[in-house]
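Report on one structure; see the data block that follows.
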Amino acid sequence: MRLITTPESPFGARVLIAARAKQLELECVRPPAGGVKSAEYLALNPIGKIPLLITETGEAIPESESILNYLEARFLMPSLLPNLPEQRARVDVAIRVVDLYIMAPVIRLFPHLNPATRDERTVENELTRWKQGLASLAHFMKTPLPKADAAVSLADCVLPPSLHLSARIARMLGVEEDLLEPHEPLLEYYARMQDHSLVGPVLDDLTAAQTIYDAKAARKSH
Ligand SMILES: N[C@@H](CCC(=O)N[C@@H](CS)C(=O)NCC(=O)O)C(=O)O
């Protein structure tokens, strides 16, 4: 299978964590030279975002959550889901809270990363939503998320790269406070995941790739 992604993509990193946990071989390739909005790429994925999984039979599966669910359905063992329906629901809720209430405001802030084009009012509003999302996630993680058979659960594929992106975007916006600081369950969870033998290296690779990406972008803008 091929995964169209870039080394600096936190959404691609979700899939890489799942692939490591299930010991799957994924060939990672970059989007075509014209990028994710090129006609060539949009023909495969009209959403115009990475990651995109291309199966051996040529099926193109977009959206990191859908890719994770596909991998889980196709490669059952070791499972990324806990056994009980209620436990699965907790994993599912954590993922949905992250995508709908944390990643959504974070992504809406991308056009405001450049101070020259930043609308402070929008930043303030989205930052409020983002903080509410983090508070909701912390609420649902007061009791630690249930474990799966595999070394990680689906939540552990999604949450750590998302918290990594959250910290990166906060830094880029000059947010001085640590957004996780008021939430002990999130601080504890993220520290544990950074030290996790399977998740930690993926987060380190993300940081390294983003450092190179940012340096290149800074050189271009000068
Ligand atoms: N909901 C999508 C989000 C993916 C996403 O935002 N990917 C970014 C890269 S990390 C992207 O492709 N951005 C290009 C763009 O929006 O133009 C998922 O979970 O896969």
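If you number the sequence shown the way our numbering does, the last residue is 1205 and the count never jumps.
Quick reminder that beta carbons are idealized off the backbone N, C-alpha and C, glycines included.
Return the Cβ separation of residue i and residue j in integer angstroms, given the expectation that the two are a contact with Cβ distance under 8 angstroms.
i, j, result
"Leu1189", "Pro1034", "Actually they do not touch by this definition, with Cβ atoms about 13 angstroms apart."
"Leu1064", "Leu1137", "6 angstroms"
"Leu1163", "Leu1170", "5 angstroms"
"Pro1061", "Ala1004", "7 angstroms"
"Gln1070", "Pro1129", "4 angstroms"
To the nearest angstrom, how far is it from the Cα of residue i to the Cα of residue j?
i, j, result
"Arg1154", "Pro1127", "27 angstroms"
"Gly1041", "Asn1028", "13 angstroms"
"His1122", "Leu1142", "14 angstroms"
"Pro1098", "Asp1161", "20 angstroms"
"Ile1044", "Leu1025", "13 angstroms"
"Glu1109", "Val1089", "7 angstroms"
"Pro1094", "Arg1104", "13 angstroms"
"Arg1073", "Gly995", "23 angstroms"
"Tyr1172", "Ser1204", "37 angstroms"
"Lys1125", "Asn1066", "20 angstroms"
"Glu1010", "Ala1001", "14 angstroms"
"Ala1191", "Arg1175", "20 angstroms"
Are residue i and residue j close, meaning C-beta to C-beta below 9 angstroms?
i, j, result
"Val1208", "Leu1092", "Because the chain in this structure spans residues 984 to 1205, residue 1208 falls outside the shown range and cannot be described."
"Leu1007", "Ile1050", "no"
"Arg1013", "Thr1038", "no"
"Ser1149", "Trp1113", "yes"
"Val1185", "Leu999", "yes"
"His1206", "Asp1132", "Residue 1206 is absent from the structure shown; the chain starts at 984 and stops at 1205."
"Arg1079", "Ser1047", "no"
"Leu1120", "Ala1087", "no"
"Arg1151", "Gln1115", "no"
"Gly1031", "Glu1023", "no"
"Met984", "Leu1036", "yes"
"His1147", "Leu1117", "no"
"Ile1195", "Glu1055", "no"
Go ahead and pull the three-state DSSP assignment for residue i.
i, result
"Val1012", "strand"
"Leu1120", "helix"
"Ile1033", "coil"
"Arg1101", "coil"
"Ala1043", "strand"
"Leu1025", "helix"
"Gln1177", "helix"
"Leu1018", "Contrary to the premise, residue 1018 reads as Gly rather than Leu in this sequence. Three-state DSSP puts Gly1018 in coil, outside helix and strand."
"Val1074", "helix"
"Leu1189", "helix"
"Thr1126", "coil"
"Gln1006", "coil"
"Leu1063", "coil"
"Phe1093", "helix"
"Leu936", "The shown model of the chain, from 984 to 1205, leaves out residue 936, and the question about it has no answer."
"Gly992", "The residue you asked about is not Gly; residue 992 is Ser in the sequence shown. Ser992: coil per DSSP, three-state reduction."
With DSSP as the reference, identify every bridge partner of residue i, one or two as the case may be.
i, result
"Leu986", "Cys1011, Leu1036"
For ligand 2, is there any heavy atom lying closer than 8 angstroms to the beta carbon of residue i?
i, result
"Ile1195", "This structure lacks ligand 2; its bound ligands are ligand 1."
Taking CB distances under 9 angstroms as the criterion, tell me whether residue i reaches chain B.
i, result
"Gly1017", "Checking the listed chains, one finds no chain B in this structure; it contains a single protein chain."
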